[in-house]
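**Student:**
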Amino acid sequence: MIQSMTGFGKSVTQLPAKKITVEIKSLNSKNLDVNARIPSQYREKELQLRNTISKSLTRGKIDFSLFVEITGEETTAAVNPGVVRNYIEQLKQIVDGDETELLKMAVRMPDALSTAREEINQSEFKAIEEAVIEALEEINDFRNAEGKALEKDLKLRVENIDRLLQEVIKIDPERVEAVKERLKKGVADLKENVDENRFEQELVYYIEKFDITEEKVRLENHLDYFKESIDSDDSNGRKLGFISQEMGREINTIGSKSNYAPMQQLVVQMKDELEKIKEQLLNVL
Numbered sequence: 000m001i002q003s004m005t006g007f008g009k010s011v012t013q014l015p016a017k018k019i020t021v022e023i024k025s026l027n028s029k030n031l032d033v034n035a036r037i038p039s040q041y042r043e044k045e046l047q048l049r050n051t052i053s054k055s056l057t058r059g060k061i062d063f064s065l066f067v068e069i070t071g072e073e074t075t076a077a078v079n080p081g082v083v084r085n086y087i088e089q090l091k092q093i094v095d096g097d098e099t100e101l102l103k104m105a106v107r108m109p110d111a112l113s114t115a116r117e118e119i120n121q122s123e124f125k126a127i128e129e130a131v132i133e134a135l136e137e138i139n140d141f142r143n144a145e146g147k148a149l150e151k152d153l154k155l156r157v158e159n160i161d162r163l164l165q166e167v168i169k170i171d172p173e174r175v176e177a178v179k180e181r182l183k184k185g186v187a188d189l190k191e192n193v194d195e196n197r198f199e200q201e202l203v204y205y206i207e208k209f210d211i212t213e214e215k216v217r218l219e220n221h222l223d224y225f226k227e228s229i230d231s232d233d234s235n236g237r238k239l240g241f242i243s244q245e246m247g248r249e250i251n252t253i254g255s256k257s258n259y260a261p262m263q264q265l266v267v268q269m270k271d272e273l274e275k276i277k278e279q280l281l282n283v284l
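First residue of the sequence shown? That's 0 in numbering that gives the first Met the number 0, and the numbers climb one at a time after it.
(1) Report back the beta-carbon spacing between isoleucine 138 and glycine 6 to the nearest angstrom; my notes put them in contact at under 8 Å.
(2) Express the C-alpha separation of glutamine 47 and alanine 134 in angstroms, rounding to a whole number.
(3) Output the distance between the C-alpha atoms of threonine 57 and leucine 155, rounded to the nearest integer angstrom.
(4) If you scan the stretch 34-120 from start to end, which runs of the alpha helix (DSSP H) of 4 or more residues do you find wholly inside it?
(5) Do you know offhand how far tyrosine 41's Cα is from phenylalanine 124's?
(6) What residues are listed by DSSP as bridge partners for valine 21?
(7) For serine 3, which of helix, strand or coil comes out of DSSP?
(8) Given that a residue counts as buried once 16 or more other Cβ atoms are within 10 Å of its Cβ, and exposed if not, what is glycine 81?
(9) Excluding five sequence neighbours on each side, which residues of the same chain lie with their C-beta closer than 7 Å to the C-beta of serine 234?
(10) Counting pairs of Cβ atoms below 8 Å between the stretch 29-44 and the stretch 93-101, do you hit three or more?
(11) Is there at least one Cβ from chain B nearer than 8 Å to glutamine 89's Cβ?
(12) Can isoleucine 160 and leucine 273 be called in contact, C-beta distance under 8 Å?
(13) Going along the chain, which residues of its own chain have a beta-carbon closer than 7 Å to the beta-carbon of isoleucine 69, five neighbours each way excluded?
(14) Could you check if phenylalanine 66 is buried or exposed, using at least 16 other CB atoms within 10 Å of its CB as the buried criterion?
(15) Need the endpoints of the alpha helix (DSSP H) that tyrosine 224 sits in, please.
(16) Short of 8 Å in beta carbon distance, which residues of its chain neighbour leucine 112, apart from the five on each side in sequence? Order them along the chain.
(17) From aspartate 152 to isoleucine 276, what does the alpha carbon distance come to, in whole angstroms?
(18) Given 7 Å as the limit, tell me if lysine 17 has its C-beta closer than that to any heavy atom belonging to the ligand COA.
(19) Distance, Cα to Cα, serine 228 vs glycine 247?
(20) By DSSP's criteria, aspartate 32 is part of a beta bridge. Which residues make up the other side?
(21) Is the CB-CB distance between lysine 54 and serine 28 below 8 Å?
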């Protein structure tokens, strides 16, 4: 089962005096990287929230945002009457203005308002945790849906490589014959008498150097292993990445040994399919 690293989850909870909104967005990354934006009064709970996220999202660049909006009459800010009056008296010494206007100016001055540090209410934090869990469930559903699309595309690419490999196997005998004929023609062009037995021995040695039987077998095994890994219960993008690297080695070796234009064309097509696989794997969990 393939799971994407890209996803988005959101949860909104309405309390009697507050509206809590949790948003979680994830992008592809080699490791888990959580960036948290939360109000200052909840900072002491940040580690706990991070642990909850890391248990659910094992990899990816995660942007976690917590918004708390006061919807009732509750407020943590209070006016400092003495400070405001002092500002007004000082302003009167500078300008002769209406007290209402002076008040508007005074409340903008430093320390005119004081904000008391609000203690975290346990029932409120429990509601936040539940909102985080709900958003995580939504983002995992998103990742699973994206994963199905990735899985379909990866299987298509692997089948394309397998089909091209079968074409390589099919034309391999004619490639060998073409190489033999090219060598014989080369010797004939030299217009030199050669020992036929010696020539046959050298020809066999030369053909063996260009034999791709081992590469074909290993590539078939890698393709089968890739398919098995996609269908496994776990989504392991790293493992699939390692298998794709091994596939690339075999394809490159076939290309370097082919020495035959029709086969090299097939190898180029296999490389193209493999590059598309590698691009997709960057987003697999």
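Just so you know, even glycine gets a beta-carbon here, dropped at the ideal spot from N, CA and C.
**Tutor:** Checking against the coordinates, here is how it stands:
(1) As a first step, residue 138 is located in the sequence shown; it is residue number 139 there, counting from the start. As a first step, residue 6 is located in the sequence shown; it is residue number 7 there, counting from the start. The Cβ separation is near 4 Å, so the contact holds.
(2) Taking the first residue of the sequence shown as position 1, residue 134 is located at position 135. Taking the first residue of the sequence shown as position 1, residue 47 is located at position 48. Near 16 Å, if we compare the C-alpha coordinates of glutamine 47 and alanine 134.
(3) Taking the sequence shown and counting its residues from 1, the one referred to as residue 57 is at position 58. Taking the sequence shown and counting its residues from 1, the one referred to as residue 155 is at position 156. Roughly 27 Å separates the two Cα atoms.
(4) 45-55, 80-93, 98-105
(5) Counted from its first residue, the sequence shown places residue 41 at position 42. Counted from its first residue, the sequence shown places residue 124 at position 125. If you take the alpha carbons of tyrosine 41 and phenylalanine 124, they lie about 9 Å apart.
(6) Working through the sequence shown from its first residue, we reach residue 21 at position 22. DSSP output for valine 21 lists Ser10, Leu65 as bridge partner(s).
(7) For the purposes of this step, residue 3 is taken as residue 4 along the sequence shown, with counting starting at 1. Note: serine 3 maps to strand in three-state DSSP.
(8) For the purposes of this step, residue 81 is taken as residue 82 along the sequence shown, with counting starting at 1. Exposed is the call here.
(9) In the sequence shown, the residue the question calls residue 234 occupies position 235. Once the five neighbours on either side are set aside, the close Cβ partners of serine 234 are Met0, Ile1, Gln2, Gly146, Val283, Leu284.
(10) no
(11) Note that chain B does not occur in the displayed structure, where there is just one protein chain.
(12) Residue numbering aside, residue 160 sits at position 161 when the sequence shown is read from its first letter. Residue numbering aside, residue 273 sits at position 274 when the sequence shown is read from its first letter. The answer is yes: Cβ separation under 8 Å.
(13) As a working mapping, residue 69 is identified with position 70 in the sequence shown. Same-chain partners within the cutoff: Ala16, Lys17.
(14) Locating residue 66 in the sequence shown gives position 67, where the first residue counts as 1. Its Cβ having fewer than 16 others within 10 Å, phenylalanine 66 is exposed.
(15) The residue labelled residue 224 in the question sits at position 225 within the sequence shown. Tyrosine 224 -> alpha helix (DSSP H) spans 212-229.
(16) Counting from one through the sequence shown, the residue named residue 112 turns up at place 113. Ala76, Ala77, Val78, Asn79, Val106, listed in sequence order.
(17) Counting from one through the sequence shown, the residue named residue 152 turns up at place 153. Counting from one through the sequence shown, the residue named residue 276 turns up at place 277. Taking the straight line joining both Cα atoms gives about 8 Å.
(18) Here there are no bound small molecules, and the ligand COA is not part of this structure.
(19) As a first step, residue 228 is located in the sequence shown; it is residue number 229 there, counting from the start. As a first step, residue 247 is located in the sequence shown; it is residue number 248 there, counting from the start. C-alpha separation (whole angstroms): 17 Å.
(20) The sequence position of residue 32 within the sequence shown is 33, counting from 1. BP columns for aspartate 32 point to Lys60.
(21) By 1-based counting over the sequence shown, the position of residue 54 is 55. By 1-based counting over the sequence shown, the position of residue 28 is 29. No, these two residues do not count as a Cβ contact at 8 Å.
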